[in-house]
Amino acid sequence: MKEIFQQRLLNWFEQNKRNLPWRNTQNPYFIWLSEVILQQTRVAQGLPYYLKFIEKYPTIQDLAKAPEDEVMKLWQGLGYYSRAKNMHYTAKYLTEIHQGQFPTSFEEIKQLKGVGQYTAAAIASFAFNQPVAVVDGNVQRVLARWLGINTDIKNKKIFQSHADALLNFEKPAAHNQAMMEFGAVQCVPQNPDCASCIMQDICYAYKNDLVRELPIRVKKPFKPEKKAYFYYIENEEHQILIRKRPNKGIWANLYEIPNTLNTELDLTLPAQYLEKGYLKHIFTHFILHITWLHYKIQKQDIVLSQNYEWVEIDKTDDFAYPVPVQKIITTIRNKKGLF
DNA sequence: AATTCGGGGGT
DNA sequence: ACCCCAGAATT
Numbered sequence: 017m018k019e020i021f022q023q024r025l026l027n028w029f030e031q032n033k034r035n036l037p038w039r040n041t042q043n044p045y046f047i048w049l050s051e052v053i054l055q056q057t058r059v060a061q062g063l064p065y066y067l068k069f070i071e072k073y074p075t076i077q078d079l080a081k082a083p084e085d086e087v088m089k090l091w092q093g094l095g096y097y098s099r100a101k102n103m104h105y106t107a108k109y110l111t112e113i114h115q116g117q118f119p120t121s122f123e124e125i126k127q128l129k130g131v132g133q134y135t136a137a138a139i140a141s142f143a144f145n146q147p148v149a150v151v152d153g154n155v156q157r158v159l160a161r162w163l164g165i166n167t168d169i170k171n172k173k174i175f176q177s178h179a180d181a182l183l184n185f186e187k188p189a190a191h192n193q194a195m196m197e198f199g200a201v202q203c204v205p206q207n208p209d210c211a212s213c214i215m216q217d218i219c220y221a222y223k224n225d226l227v228r229e230l231p232i233r234v235k236k237p238f239k240p241e242k243k244a245y246f247y248y249i250e251n252e253e254h255q256i257l258i259r260k261r262p263n264k265g266i267w268a269n270l271y272e273i274p275n276t277l278n279t280e281l282d283l284t285l286p287a288q289y290l291e292k293g294y295l296k297h298i299f300t301h302f303i304l305h306i307t308w309l310h311y312k313i314q315k316q317d318i319v320l321s322q323n324y325e326w327v328e329i330d331k332t333d334d335f336a337y338p339v340p341v342q343k344i345i346t347t348i349r350n351k352k353g354l355f
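The first sequence begins at 17 in the numbering used here and counts up one residue at a time.
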């Protein structure tokens with residue numbers, strides 16, 4: 017059965033694979049970059065970021081010598097910002113400590129910051145053709161349905177052992193990519209077209225009418241909601257107040273306008289604001305209700321704690337912001353002239 | 001083993 | 001409103 021699956025899978029892959037830029041290379045730097053960008057991210061969303069990164073940083077040395085703020089700005093909007101932070105750290109590490117050489121074994125690759133089990137297996141197999149099986153969300157779905165695995169997909173070990181057993185040792189790179197592509201294109205999460213599937217006659221879920229039930233994903237019962245105020249504070253010199261967030265926690269090392277998310281406001285503001293608005297921001301683990309307020313003040317009337325800085329409104333785009341902060345700035349700035 | 005970390009697109 | 005994506009680090 018294993019050989020039948022492997023052979024059909026590779027045949028299917030040859031005929032149906034998408035032409036993606038990181039598939040036309042064995043450069044470990046490009047492959048690593050693409051894998052980090054694509055962590056928990058759809059190909060369609062990650063693709064433009066990948067193209068931006070390889071254009072701006074054609075080599076790992078280019079990435080290593082870039083300022084972190086510039087890397088974060090290029091990453092803006094992708095989310096999971098620690099990926100960018102770790103990636104930049106690892107680029108510097110490999111350039112300065114490792115002579116710019118990418119490690120070639122799975123074990124060494126997995127030691128790199130920001131590289132876990134999946135990404136290490138992907139790089140080792142794609143770039144160096146090592147026989148290590150990748151397990152991502154796509155692979156888990158394919159395995160769960162084909163074999164009828166009914167344990168929660170959080171139980172990674174179960175899936176890894178099945179993926180290991182199924183790996184094609186002759187062609188690990190093609191096999192791994194084919195597994196993921198099959199999950200992404202054919203064995204999709206919702207309403208897969210099983211009628212056209214080449215694995216139909218050997219698929220446990222299809223034969224037992226369990227396609228809709230597998231894979232099993234245990235979800236958290238509820239998502240908490242928080243409220244916060246965000247303050248667009250403008251002075252008479254057309255500057256606004258921003259600061260860099262701490263290097264840990266949510267939105268690490270991104271820039272923000274004054275706000276009450278997880279903190280008290282450390283500023284004294286006048287009684288009157290110019291306008292206000294509302295924004296809902298949905299995270300994986302909570303919902304944030306944002307009320308934004310637009311103030312105009314005299315620069316001399318405010319005492320700044322040391323890490324705030326005034327920035328020209330026309331230069332605010334040089335900094336990397338969380339998406340809701342960028343939305344507030346863009347919304348208000350685009351009304352310039354009304355006030 | 002459970003929680004934290006983002007954002008977007010599909011349905 | 002819910003799902004889930006080429007997951008990893010931290011607790």
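Ideal placement from N, C-alpha and C gives every residue a C-beta, glycine not left out.
key: Given L159 as reference, the closest of K18, R34, T347 once Cα atoms are compared   = K18
key: Candidates D85, P44, A200, G95: closest to Y65 by CA position   = G95
message = When you compare the stretch 245–265 with the stretch 274–283, are there three or more beta-carbon pairs, one atom per stretch, that lie closer than 8 Å?
response = yes
ask   = With DSSP run on the structure shown, which of helix, strand or coil describes A140?
value = Collapsing the DSSP output to three states places A140 in a helix.
Close beta carbons around Y324, own chain, < 7 Å, minus the five adjacent residues each side = L257, R259
message = So, for P119: in the same chain, excluding its five sequence neighbours on each side, which residues have a beta-carbon less than 6 Å away from its beta-carbon?
response = I125
message = Rounded to whole angstroms, what is the Cα-Cα separation between W162 and L25?
response = 12 Å
ask   = What residue from Y105, I313, N350, T167 has the CA that sits closest to P83's CA?
value = With respect to the C-alpha of P83, the residue from Y105, I313, N350, T167 having the closest C-alpha is Y105.
ask   = Is it right to say N184 is buried, meaning 16 or more other beta carbons lie within 10 angstroms of its own, or is it exposed?
value = buried
ask   = In the DSSP assignment, what residue or residues form a beta bridge with Y248?
value = In DSSP, Y248 forms a bridge with H310.
query = For the putative contact between Y337 and Y247, defined by C-beta atoms under 8 Å, what is the C-beta separation to the nearest angstrom?
reply = The pair is not a contact, with the Cβ atoms about 14 Å apart (cut-off 8 Å).
inquiry  = Using the Cβ count rule (16 or more neighbours within 10 Å means buried), how would you classify P340?
reply    = buried
inquiry  = Three or more C-beta pairs under 8 Å: does that hold for the stretch 143–150 against the stretch 180–200?
reply    = yes
request  = Might you give, ordered along the chain, the residues of its own chain that have their beta carbon closer than 8 Å to the beta carbon of I303, omitting 5 neighbours on each side?
outcome  = K239, P240, E241, K242, K296, H297
message = Using only CA atoms, which one of N251, I214, G153 lies nearest to A200?
response = When the alpha-carbon of A200 is set against those of N251, I214, G153, the nearest one is in G153.
ask   = Counting Cβ pairs, one atom from each stretch, are 3 or more of them under 8 Å apart for the stretch 34–49 and the stretch 67–86?
value = Judged by Cβ distances under 8 Å, the stretch 34–49 makes contact with the stretch 67–86, as three or more pairs qualify.
ask   = Among all the DSSP beta bridges, which residues are the ones paired with W326?
value = Under DSSP, W326 shares a beta bridge with L257.
request  = Can you check DSSP and say which residues form a bridge with K101?
outcome  = Bridge partners of K101: none, in fact.
query = Near L128, which residues of its chain fall below 6 Å by C-beta distance, leaving aside the five closest residues on each side in sequence?
reply = The beta carbon of L128 sits closer than 6 Å to the beta carbons of T106 from its chain, once the five residues preceding and following it are set aside; these are given in chain order.
query = Could you give the distance in angstroms between the alpha-carbon of T346 and the alpha-carbon of V227?
reply = 44 Å
message = Excluding the 5 residues flanking Q92 on each side, which residues of the same chain have their C-beta closer than 6 Å to its C-beta?
response = Within the same chain, Q92 has close Cβ partners A336.
query = What is the DSSP secondary structure of E241, counted as helix, strand or coil?
reply = strand
key: Exposure of Y97, with buried meaning 16 or more beta-carbon neighbours within 10 Å   = The residue in question, Y97, is buried, as its Cβ has 16 or more Cβ neighbours within 10 Å.
ask   = Buried or exposed: which applies to F299, given that a residue is buried once 16 or more other Cβ atoms fall within 10 Å of its Cβ?
value = That one is exposed.
query = Helix or strand or just coil, what does DSSP make of G93?
reply = coil
message = I want to know whether the stretch 217–236 touches the stretch 164–183 - three or more CB-CB distances under 8 Å.
response = With the cut-off at 8 Å, the stretch 217–236 and the stretch 164–183 touch.
task = From the DSSP output, in three-state form, read off K292 for me.
result = Strand.
key: CA-to-CA distance, Q42 to Q31, given in whole angstroms   = 21 Å
key: T376, buried or exposed, once every other Cβ within 10 Å from all chains shown has been counted against 16   = No statement about residue 376 is possible, as the shown extent of the chain runs from 17 to 355 and does not include it.
message = Would S141 and P188 qualify as a contact pair, given that the criterion is a beta-carbon distance under 8 Å?
response = yes
inquiry  = On the criterion of 16 or more Cβ atoms from any shown chain inside 10 Å, does T135 qualify as buried, or is it exposed?
reply    = T135 should be labelled buried.
task = Would you mind stating whether K101 and N269 have Cβ atoms separated by less than 8 Å?
result = yes
task = Report the residue from P208, K235, T307, P237 whose alpha carbon sits nearest the alpha carbon of D225.
result = P208
message = Could you check whether the Cβ of L304 sits closer than 7 Å to any heavy atom belonging to the ligand HEM?
response = Of ligands this structure carries none, so the ligand HEM is not represented either.
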